[in-house]
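Protein chains in written order, with this note's numbering: chain A, 28 to 913; chain B, 145 to 255. Think of the CB as a built atom: it goes at the ideal place given N, C-alpha and C, for glycine as much as any other residue. Bear in mind the structure is a predicted one, so any value in this text is a computation, not a measurement. Written out below as structure tokens is the structure these notes cover.
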Amino acid sequence: MQTFLPRLKRRLRYLFHHGERHRLLQEEMEFHIAAMADDLISQGMPEQEARAAARRKFGNLTLQSEQSRDTWIAAWLSDAAQDLRYAFRTFRRDAGFATFAVLIVGLGVGASSTVFSVVNTLLIRPLPFDDPDRLVWIVNHEDTSDMSGRTTQVDHFLDLRAQNQSFSDMAAFFAFYGVGDNKLTGQGEPERLSGVPVSANFFQLLGVQPQIGRLFTLDECKWNGPKVLLMSHGLWVRRFGSNPGIVGRTLTLNDEAVTVVGVMPASFDFASVFTPGSHIDLYLPFPLTPETNRWGNTLAIVGRLKPGVPLSRAQAEATILSKQFTEAHKFKDRNDFEARLSFLRDHVSGQIRPALLVLACAVGVVMLIVCANLSNLLLARTATRQKEIAIRAALGAGRARLLRQMLTESILLSSGGGLLGVLLAFAGTRALTHLDAISIPLLSDARLDGSVLVFTLLMAIASGLIFGLAPALQVPASTVHDALKDTGRGSTEGRGHKWIRSGLVVSEVAFACVLLVGAGLLIRSFLHVLDVNLGFQPERAAAVRVDPSQQYNTQAKQNSYFDEVLRIAREIPGVERAGLADSLPLGRNRAWGAAVKGRTYLPGQYPGDAFVRIISDGYIGAMGIPLIEGRDLTERDTPSTEAVMLINQTMARNFFPGERAIGQFLEGGCGKTSPRIVGIVGDVRHLALEQSSGNEMYYPMRQCDDHMSVDLVMRTALPPSQLAGVVRISLKSIVPNLPSSDFRTLQQLVDKSVSPRRFVVLLLAGFAGFALILASLGIYAVISYSVTQRTQEIGIRMALGASAADLRGQILGQTMTLAAIGMVFGVAASWILARALSSLLFGITSTDPVTFGAMLVVLGLVSAIAGYVPARRASRIDPMVALRAS
Amino acid sequence: MGDKSKADLLQGTLDMLVLKTLTRGHLHGYAIAQLIQQLSDDVLRIEEGSLYPALQRLELNGWIDGNWGISANNRRARFYKLTPTGRKQLNGETERYRQLTGAIARVMGTA
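Written as structure tokens, this is what we have:
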């Protein structure tokens with residue numbers, strides 16, 4: 028310690044006075060030479076000769092001084108500055124190379140950082156709530172796909188909340204809220220808003236406070252309590268111009284007066300966490316009362332674990348409690364309850380996690396290709412700079428110093444690339460967050476934050492080190508002697524170089540092959556998904572919300588309203604068919620229990636719940652759902668006639684195996700009577716394109732008023748978007764406040780449901796394309812370089828009678844050998860890695876021979892083209908010119 | 145270049161020799177090299193390429209202290225002297241050297 032401080036002081040002094048120091052060292056050594064010469068003279072040597080001898084004996088003055096300076100702390104910094112200056116000068120001379128290098132590093136780093144910003148948001152960054160690691164998502168029956176099966180009844184929720192020991196609190200929201208369920212009228216343009224009903228403690232549980240105003244009171248969460256709402260930040264800014272006076276004001280929502288009690292902060296985005304791809308404008312109180320309990324399974328539950336309680340213990344307790352509740356109330360007033368717990372974070376990112384991991388790996392591979400490519404280019408440059416390096420070595424530059432010079436250059440290039448990468452990542456992340464048609468959770472929250480920037484910086488420096496290493500290590504191999512001697516006259520390039528360069532190209536091709544196969548598999552899956560038989564025809568069909576307003580307060584009034592809407596719609600020119608439905612495919616769903624009348628089912632033999640749609644006549648036709656057997660619903664299926672229903676083919680098969688379903692009666696439907704099955708329709712993919720439909724049943728809207736919303740579906744002769752205005756004007760007489768944003772084509776619904784898959788496919792295909800270009804550039808660079816190096820050899824061969832075709836063939840052969848070796852490795856790697864993709868594939872296996880074959884052909888063709896260009900140049904070499912050169 | 149001279153004398157040994165030489169008083173680099181050569185009966189020839197880095201290193205460690213002065217031939221030269229820490233360092237190294245040569249001598253004598 029006592030020697031440390033003076034030592035540091037000395038080092039600092041050296042650092043700050045290093046120019047002076049250098050001069051004095053030179054002087055000291057000059058004295059040494061002079062003293063030596065004096066001695067030689069006194070021994071009788073002539074003065075001139077003595078001085079020369081002394082200088083010779085002393086050796087290289089510059090090197091001595093460099094070696095002495097190596098002990099100075101200043102050396103490092105001053106060398107770095109010198110290296111940087113030198114590198115800048117070199118790049119100015121070779122601007123094309125520098126631009127290209129910065130460009131591809133920039134693209135690589137930009138792509139990685141963009142993907143990382145998404146990965147960071149979804150998988151790494153905590154959810155935007157208080158202490159999010161203790162938040163747990165609680166579903167009922169994990170193994171069903173219908174929302175009714177996964178949600179929980181109010182009384183089960185209340186019991187679980189009261190009796191558990193694991194959670195400090197639990198809150199819930201009403202899972203069956205729909206997009207545009209709430210119509211805002213009054214001032215300005217009428218508008219459909221999406222509102223989610225939440226339990227009183229929902230915001231406290233997440234740890235979110237309103238920006239202005241207050242949260243709901245317990246009184247407001249009672250049945251028929253005061254009508255209040257909380258507003259999202261987005262709606263407040265958009266519709267109310269950020270006016271803080273909004274709190275306390277009364278709005279007209281669904282023809283009722285509702286008081287605004289507060290505005291949520293911008294940082295709270297319910298939809299991006301719980302229902303990606305949509306947006307929420309309002310939060311409404313949801314009463315947890317006997318009335319809502321009767322609605323059946325409705326709640327999605329979030330719990331907060333007590334500190335230190337592991338998820339497994341909470342799960343064990345919830346399993347026992349939910350079993351007790353189910354036993355105690357079986358066949359009485361409650362549905363089954365089987366609580367399944369998972370961390371909220373896993374629930375949110377679970378769906379997209381495999382796809383994101385694939386993207387992250389893909390972008391890593393892209394970076395490797397970028398590094399291999401630049402490594403190759405730098406190697407080529409090093410080779411042409413052999414003499415320059417040799418001269419520097421002869422003048423006394425140390426080996427370490429030259430190595431460092433090379434690394435400085437590559438890191439300078441990669442830093443330039445990193446800078447460009449940050450810009451690209453900024454643009455890329457911005458573009459991604461503005462893709463609101465994509466239903467990927469939290470995507471709109473992705474942004475370039477500190478951790479992304481650090482990642483980018485590390486990425487740039489690491490890539491600089493990686494691609495700079497191989498060329499830098501070439502430096503010691505080029506001793507002064509060889510480099511100055513090897514003018515390349517007639518000789519082919521050295522063996523060592525060739526192997527490294529070929530190895531790099533082979534690995535580039537192999538990496539590109541892996542990416543191409545991965546992208547190819549996903550593209551083929553995507554095409555398969557788009558090719559799926561939806562069961563309905565989304566082309567030339569559109570939907571518009573026409574919920575009956577409060578004034579139609581009886582079923583009779585509602586039915587005449589439906590008649591009128593349908594009549595008007597069918598008269599609109601261009602509308603071929605029209606029908607009504609309570610919910611559209613690929614959106615909200617619910618399921619009810621069903622049983623063939625008079626039949627009892629043994630445990631394990633029950634064919635399962637069925638998805639419910641409440642529709643009018645004409646809906647089947649407007650959607651393009653085929654009627655397989657029996658009849659469609661008609662406008663004469665009213666409360667005064669026999670109760671009827673339609674079922675889909677799957678349900679007919681499941682409930683009536685080997686029997687005729689038409690004419691049979693089903694229990695447990697809408698109302699007390701058991702409707703008769705009058706028709707069987709085709710299956711519809713209403714959950715997701717990748718998922719088959721399950722049991723579906725359709726009740727006539729005029730007989731069953733258990734619907735929360737009503738959509739008018741129209742099949743049109745014209746492109747549907749041209750019809751929006753006409754539809755709105757025509758319906759004005761009966762639906763006066765129809766918001767203009769309401770008109771949706773069914774194709775939009777389909778597009779939205781495939782958007783996460785499209786997102787992944789587009790990105791991966793982009794990466795694969797980039798990789799292909801880089802790989803072909805790599806091949807081109809290597810072959811082209813070897814042709815240039817061998818110009819004289821080629822000249823001699825031609826002079827000795829080799830034909831142009833022979834030469835072309837030989838060079839092409841060289842190219843294809845490299846490509847083939849790369850493809851062998853690439854296919855082997857893809858074969859193994861593609862298994863990781865299997866959860867993302869649809870309709871093909873991970874070893875799909877078509878994809879593998881097609882990608883090999885593409886890669887082979889591109890390699891051939893990349894090799895053909897230099898081959899052609901070689902075959903056009905004039906032997907005389909080649910031999911005379913240098 | 146420069147690599148060969150480094151291999152001739154172990155680094156630690158050169159440092160020790162320089163420190164030992166400086167116990168005779170203030171000396172400049174050339175004198176140090178000459179003295180070592182004479183004292184070793186021309187066996188040890190100090191390569192200048194090793195000497196100056198060694199002097200820099202020793203000075204940086206605070207074991208020797210260099211000052212500019214005038215040589216016998218009326219030239220400006222840098223004279224080095226041993227510092228107290230340098231003397232301590234020399235004692236330590238001398239002790240280690242004795243142990244080492246003693247051990248080698250014993251092995252060579254008995255074998």
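Assuming residue 483 of chain A and residue 545 of chain A make a contact with CB atoms under 8 Å, what is their CB distance in whole Å?
-> The Cβ separation is near 24 Å, so there is no contact.
Rank A:884, A:316, A:652, A:485 by C-alpha distance to the C-alpha of residue 247 of chain A and give the top, closest one.
-> A:316
Does the Cβ-Cβ distance between residue 325 of chain A and residue 243 of chain A come in under 7 Å?
-> no
Cβ neighbours of residue 134 of chain A in the same chain (closer than 6 Å, five flanking residues each side left out) = none
What are the uninterrupted segments assigned as alpha helix (DSSP H) that are 4 or more residues long and contained completely in the segment 290-354 of chain A, given in chain order?
-> 297-301, 317-320
Can residue 440 of chain A be considered in contact with the ligand SAM, in the sense that its beta carbon sits closer than 6 Å to one or more heavy atoms?
-> With respect to small molecules bound, the structure shown includes none, and the ligand SAM cannot be examined in it.
Would you mind working out which of A:420, A:377, A:702, A:258 sits nearest residue 292 of chain A, comparing C-alpha positions?
-> Looking at the Cα atoms, A:258 is the closest of the given residues.
Between A:887, A:122, A:858, A:141, which lies nearest to residue 874 of chain A when the distance is taken from Cα to Cα?
-> A:858
How should residue 491 of chain A be labelled, buried or exposed, when 16 other C-beta atoms within 10 angstroms of its C-beta is the threshold for buried?
-> Within a 10 Å sphere around the beta-carbon of residue 491 of chain A sit 16 or more other beta-carbons, which makes this residue buried.
Would a C-beta distance cut-off of 7 Å place residue 345 of chain A and residue 371 of chain A closer than the cut-off?
-> no
Answer yes if the segment 672-679 of chain A comes into contact with the segment 732-746 of chain A, meaning at least three C-beta pairs across the two stretches below 8 Å, and no otherwise.
-> no
Does the beta-carbon distance from residue 114 of chain A to residue 436 of chain A come in below 7 Å?
-> yes
Where residue 518 of chain A falls: helix, strand or coil (DSSP) | At residue 518 of chain A, the pLDDT of 43 sits below 50, so the modelled position is not reliable; the number obtained from the coordinates is stated separately. Note: residue 518 of chain A maps to coil in three-state DSSP.
If we count the other Cβ atoms within 10 Å of its Cβ and call it buried at 16 or more, is residue 903 of chain A buried or exposed?
-> exposed
Do we get a CB-CB distance below 7 Å when we pair residue 539 of chain A with the residues of chain B?
-> no
Straight-line CA distance for residue 422 of chain A to residue 887 of chain A?
-> 47 Å
In terms of alpha-carbon separation, which member of A:163, A:734, A:868, A:778 lies closest to residue 334 of chain A?
-> A:163
Note down the Cα distance separating residue 255 of chain A from residue 747 of chain A, rounded to an integer number of angstroms.
-> Each residue's alpha carbon lies about 37 Å from the other.
For residue 624 of chain A, name the three-state secondary structure that DSSP assigns.
-> It is coil, neither helix nor strand.
With DSSP run on the structure shown, which of helix, strand or coil describes residue 785 of chain A?
-> helix
Evaluate the contact criterion for the segment 168-180 of chain B versus the segment 241-252 of chain B: three or more CB pairs, one atom per stretch, below 8 Å.
-> Contact fails: fewer than three Cβ-Cβ distances are below 8 Å.
What do you reckon, are the CB atoms on residue 661 of chain A and residue 729 of chain A nearer than 7 Å?
-> It is not a contact, given that the beta carbons lie outside the stated cut-off.
Where residue 224 of chain A sits in the DSSP three-state scheme = Strand, per DSSP.
How about residue 174 of chain B: is its C-beta nearer than 7 Å to some C-beta of chain A?
-> yes
Return yes when the Cβ of residue 901 of chain A is within less than 7 Å of the Cβ of residue 848 of chain A, no when it is not.
-> no
Do the segment 205-215 of chain A and the segment 187-194 of chain A make contact, defined as three or more Cβ pairs closer than 8 Å?
-> no
Coil, strand or helix - residue 279 of chain A by DSSP = strand
Cβ-Cβ separation, residue 787 of chain A to residue 459 of chain A (assumed contact under 8 Å), whole Å | Not quite, the Cβ-Cβ distance comes to about 12 Å (not below 8 Å), so this is no contact.
For residue 221 of chain B and chain A, any beta-carbon pair shorter than 7 Å?
-> yes
Any Cβ of chain B within less than 7 Å of the Cβ of residue 505 of chain A?
-> Residue placement at residue 505 of chain A is flagged as unreliable, the pLDDT there being 48, under the threshold of 50; a coordinate-derived value is accordingly withheld.
Pull up the distance between the alpha-carbon of residue 669 of chain A and that of residue 663 of chain A, whole angstroms please.
-> 10 Å
Please classify residue 247 of chain B: does DSSP put it in a helix, a strand, or coil?
-> helix
Assumed close pair residue 161 of chain B, residue 207 of chain B - CB separation to whole angstroms, cut-off 8 Å = About 13 Å separates the two Cβ atoms, so there is no contact after all.
Using a C-beta to C-beta distance shorter than 7 Å, which residues of chain A count as neighbours of residue 224 of chain B?
-> Under a criterion of Cβ atoms nearer than 7 Å, no residue of chain A is adjacent to residue 224 of chain B; the nearest Cβ is some 10 Å distant.
What number of angstroms, rounded off, separates the C-alpha of residue 613 of chain A from the C-alpha of residue 681 of chain A?
-> Rounded to the nearest angstrom, the two C-alpha atoms are 23 Å apart.
Inter-residue CB distance, residue 349 of chain A and residue 168 of chain A (contact presumed, cutoff 8 Å) = The Cβ separation is near 10 Å, so there is no contact.
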